[in-house]
DNA sequence: GTCTATAGAATGATAGAC
DNA sequence: GTCTATCATTCTATAGAC
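Chains as they are written, first to last, in our numbering: chain U, 1 to 206; chain S, 1 to 206.
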C-alpha cells in the first residue's frame, strides 16, 4: 500500500468540504444578504466552529472569491447549454432563449446576481484565477451571440445592459413577480430591430 | 424677546448637523462601500464620538433612511430640471436628455445608485415617509416621459430597465470610463424605434 | 448636545492544544 | 482538522457629568 491513494482521498474530502462551505455560504447569502454572511453562522451550517473555516479559506474574502468562481462556472454552464441549443436555430430564437435564460439565471438567485454582475461586496476583488473564468465565460457568451448576428462590441454592450437591466429591475422592484421578466421577448424584438437597422444603414454607406 | 426665535435657531442648527452627518455618510459610502460605514468613522468625520450620533439618528438604519431620502430628493430634482427643459422639445431630445442625465446621475455616485436602485443594504427597508418621496419621484419621472410619447406602463418598464442597465454596466465594468455611457444615444434610438413600431402595429389592429 | 464611561452582543481573525 | 481560548473591533444602547 503506497501513501498516494490516501493523499487523493484526503484531497477529495477536503475539496468536498470546501464545496459544502461554499454551498452553505450561498444559502446564507440568500437568507441574510450577500454582506450578511457571518463566519459563525456559516460554520454552524456545516457543523463547525467559525475558526475551523480558516483551514479551508484563509479569509472571508477568499470565500467570496470561491462563490464568485462558483457563480461564473454556473454561468458558463448556462452559456454552453445555450450554445448547444443554438445549432440550427434562427437568430430570433437564439436571442430570445439567451435573454430568457439569462434573466432567469439572475432572478432565481438575486445574491448571485449582485456578486457576479455588480460590485456589491465592499473591498472584495476577484482573484486573477476567478477573474479569468469570468472573462472566459463572458467571451464564450459573446461568441455564442455572434451566431445570431451580434458581431460588434457596441451591440453586445447594449445587449448586456438590456438583459442585466431587466434582471435588476425585476429583482429590485418586483421580487417573485414577472413584471420585467414578461418584457424579455419584447425587449429582444426591440434589440433585433435595432441591429437590423444598424446593418442596413452601414451597408448604405458601403 | 420670546423664546421662539431661539427654538427656531436650535432646530435649524440641529437640521444642519443632521445634514452634515448624512453628507459625511455619503463620503464614507463612496470610500468604503455602502455597507462599510462605521459609526466611529462617521462620528470622526463630523467631529463627534459615535455615541453622539444617536442624538440625531436613533439607529444606523435611520441614517441609511436619511441617505435614501436624500438620494431620492436629488433624483426628484434631476427629474424636475428635465421636465422644465422638456417644454417645447421634441420626443427625441427629451428622451436623450433624460437618459443621459439619469446615467450620469448614477455613474457619478455608484454608492447612491446601489442604495436607490438595488437593495444593496441587507436588512434595510426605507421608511414609509422616504418611500413616498421615492414613489413620487418615480411617478414624476413617468409623467415627464409621457410628454415624449411613453404612455403605457410596459414601455416605461423597458425604459427603466434600459437606463439602469446602462448605468449598472458602466459602474461595474468600466468605472471612470464611458464604454456604456457613449451608447446612451444609440440605446434611445433603439427604444424610440420600438415605441414607434408598437404604436403603428396597435393602430393597425384598431 | 456632547462628552465619558460602560455594557453586551456580535464581528473577523489568530495561537496553540489535541 | 477541529477544537478552546483569546483578541481587537464593531454596533447598539444606557447613565450621568458638564
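Cβ coordinates follow ideal geometry from the N, Cα and C atoms, glycine included.
Chain S contact for residue i (CB, 8 Å cutoff)
{"i": "residue 58 of chain U", "result": "no"}
{"i": "residue 180 of chain U", "result": "yes"}
{"i": "residue 117 of chain U", "result": "yes"}
{"i": "residue 137 of chain U", "result": "no"}
{"i": "residue 134 of chain U", "result": "no"}
{"i": "residue 141 of chain U", "result": "no"}
Any chain U beta carbon closer than 8 Å to residue i
{"i": "residue 67 of chain S", "result": "no"}
{"i": "residue 197 of chain S", "result": "yes"}
{"i": "residue 205 of chain S", "result": "no"}
{"i": "residue 122 of chain S", "result": "yes"}
{"i": "residue 190 of chain S", "result": "yes"}
{"i": "residue 148 of chain S", "result": "no"}
{"i": "residue 2 of chain S", "result": "Any answer about residue 2 of chain S is weak, because its pLDDT of 48 lies below 50 and its placement is not dependable; what the coordinates show is given next. So, not an interface residue."}
Beta-carbon separation (whole angstroms), residue i vs residue j, contact threshold 8 Å
{"i": "residue 167 of chain S", "j": "residue 107 of chain S", "result": "6 Å"}
{"i": "residue 140 of chain U", "j": "residue 74 of chain U", "result": "Contact flag wrong, Cβ pair sits at about 13 Å."}
{"i": "residue 126 of chain S", "j": "residue 65 of chain S", "result": "6 Å"}
{"i": "residue 42 of chain S", "j": "residue 120 of chain S", "result": "Wrong, their Cβ atoms sit about 18 Å apart, outside the cutoff."}
{"i": "residue 67 of chain U", "j": "residue 135 of chain U", "result": "Not confirmed; about 17 Å, so no contact."}
{"i": "residue 46 of chain S", "j": "residue 20 of chain S", "result": "5 Å"}
{"i": "residue 79 of chain S", "j": "residue 137 of chain S", "result": "6 Å"}
{"i": "residue 165 of chain U", "j": "residue 165 of chain S", "result": "2 Å"}
{"i": "residue 44 of chain S", "j": "residue 194 of chain U", "result": "50 Å between Cβ atoms; not a contact."}
{"i": "residue 191 of chain S", "j": "residue 162 of chain S", "result": "6 Å"}
{"i": "residue 158 of chain S", "j": "residue 186 of chain U", "result": "7 Å"}
{"i": "residue 154 of chain U", "j": "residue 183 of chain S", "result": "6 Å"}
{"i": "residue 39 of chain U", "j": "residue 53 of chain U", "result": "6 Å"}
{"i": "residue 37 of chain S", "j": "residue 25 of chain S", "result": "6 Å"}
Neighbouring residues, chain U, relative to residue i (Cβ below 9 Å)
{"i": "residue 160 of chain S", "result": "165, 169, 173 and 180"}
Cross-chain neighbours of residue i in chain U, by beta carbon under 7 Å
{"i": "residue 45 of chain S", "result": "Simply none; closest approach about 17 Å."}
Where the alpha helix (DSSP H) through residue i begins and ends
{"i": "residue 71 of chain U", "result": "60-86"}
{"i": "residue 169 of chain U", "result": "153-173"}
{"i": "residue 37 of chain S", "result": "Unbroken run through residue 37 of chain S: none, as it is neither H nor E."}
{"i": "residue 129 of chain U", "result": "128-146"}
{"i": "residue 51 of chain U", "result": "First-last for residue 51 of chain U: undefined, no H or E at that position."}
{"i": "residue 91 of chain U", "result": "91-107"}
{"i": "residue 124 of chain S", "result": "Neither: residue 124 of chain S is in no alpha helix (DSSP H) and is coded neither H nor E."}
{"i": "residue 113 of chain U", "result": "110-117"}
{"i": "residue 202 of chain S", "result": "184-205"}
Per-residue contacts from residue i into chain S (C-beta, under 9 Å)
{"i": "residue 187 of chain U", "result": "158, 161, 162 and 194"}
Chain-ordered neighbours of residue i on chain U, where CB pairs are closer than 8 Å
{"i": "residue 154 of chain S", "result": "183 and 186"}
- prompt: Between the segment 15-37 of chain S and chain U, which residues of the former have CB atoms less than 8 Å from a CB of the latter, in chain order?
  reply: The segment 15-37 of chain S vs chain U, Cβ under 8 Å: 32, 33, 34, 35 and 36.
message: Along the segment 66-87 of chain U, where does the CB come closer than 9 Å to a CB of chain S? Name the residues.
response: none
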